[in-house]
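Novice: All letters in the sequence shown, in the order written, are residues 4 to 110 by this note's numbering. The beta carbon of each residue, even a glycine, is placed where N, CA and C say it ideally should be. Just so it is clear, the structure is predicted and the values come from calculations on it, not from any experiment.
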Amino acid sequence: MTTTPPKEQLSARQPFFQIHYFASAASFTRKQSESLPAPLPLADLFPLLEAKYPGITQRVLKSCSVSVGLDYVDVPEENGENGEESGVVVMIQAGDEVGIIPPVSSG
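(1) Taking DSSP as the reference, what is the three-state secondary structure of Leu-39?
(2) Find out if the Cβ-Cβ distance for the pair Leu-39, Met-94 is shorter than 8 Å.
(3) In whole angstroms, what is the alpha-carbon distance linking Ala-35 and Tyr-75?
(4) Do you know how far the Cα of Asp-77 is from the Cα of Ser-66?
(5) Just to confirm, are Phe-19 and Tyr-56 a CB contact at a threshold of 8 Å?
Okay, structure coming up:
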């Protein structure tokens with residue numbers, strides 16, 4: 004007889020990446036960080052965040068920098084630019100740390 008593990012155990016085994024929100028991104032999401040399912044194509048990151056936080060694309064993400072690990076990355080735009088032309092599709096992997104970094108001003 005086999006039994007299905009409780010939902011909590013299933014989700015504990017699912018791979019995730021950590022996303023960190025800074026400044027206005029943290030204010031908009033009301034979170035400093037959260038875990039999201041991995042792997043995820045980088046091109047799908049902004050649509051995923053827009054689905055979770057309606058309005059975030061226009062109000063925050065449009066002017067943000069994004070880092071994966073310690074590297075800044077260019078997030079493909081919705082107009083069809085998805086990185087496939089170069090043959091490279093950037094994937095966010097389980098265990099990666101992604102940063103949403105709004106512009107910073109000093110004075």
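Specialist: Looking at the coordinates:
(1) If you number the sequence shown from 1, residue 39 lands on position 36. Residue state, collapsed to three classes: strand.
(2) Locating residue 39 in the sequence shown gives position 36, where the first residue counts as 1. Locating residue 94 in the sequence shown gives position 91, where the first residue counts as 1. The answer is no: Cβ separation not under 8 Å.
(3) Sequence index remark: in the sequence shown, residue 35 carries index 32 (1-based). Sequence index remark: in the sequence shown, residue 75 carries index 72 (1-based). Residue 35 is actually Gln in this sequence, not Ala. Near 19 Å, if we compare the C-alpha coordinates of Tyr-75 and Gln-35.
(4) Position 63 of the sequence shown, counted from the start, is the residue given in the question as residue 66. Position 74 of the sequence shown, counted from the start, is the residue given in the question as residue 77. Whole-angstrom Cα-Cα distance: 12 Å.
(5) In the sequence shown, counting from the first residue as 1, residue 19 sits at position 16. In the sequence shown, counting from the first residue as 1, residue 56 sits at position 53. No, the Cβ-Cβ distance between Phe-19 and Tyr-56 is not below 8 Å.
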